[in-house]
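Heads up, the thing below is written out as structure tokens.
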Amino acid sequence: MEIAIPLLMGLTLIWLIGRGTPWNAKMLTLAVTLAVIVAVVLLERNGLWPEAFRR
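Here's what the structure looks like:
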């Protein structure tokens, strides 16, 4: 899970940029991607991450 979520978000970002999305959509995508990554890391570090997702 530690690698899958950032990898999936990064690939999605690359795909959207490659499709010629407008500049503001690229920035919004980047902000959402970083927010999701930060949220996952914070949940995991604080022990709030579901046990089923842990290795």
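Residue numbers (the working numbering): 16 to 70.
Virtual Cβ for every residue (Gly too), placed ideally from N, Cα, C.
In whole angstroms, what is the alpha-carbon distance linking E76 and R34?
Here the chain comprises residues numbered 16 to 70, so residue 76 is not present and cannot be evaluated.
For P37, three-class secondary structure by DSSP:
Three-state result, P37: coil.
Identify, in the order they occur along the chain, each residue of the same chain with its Cβ nearer than 8 Å to the Cβ of A40, setting aside the five sequence neighbours on each side.
Taking A40 as the centre and dropping the five residues before and after it, the same chain places the C-beta of L31 closer than 8 Å to its C-beta, in chain order.
What does the alpha-carbon distance come out to for the pair L58 and I29?
For L58 and I29, the distance between alpha carbons rounds to 26 Å.
8 Å CB neighbourhood of T48 in its chain, flanking five on each side removed
Answer for T48: M24, G25, T27 and L28, listed in chain order.
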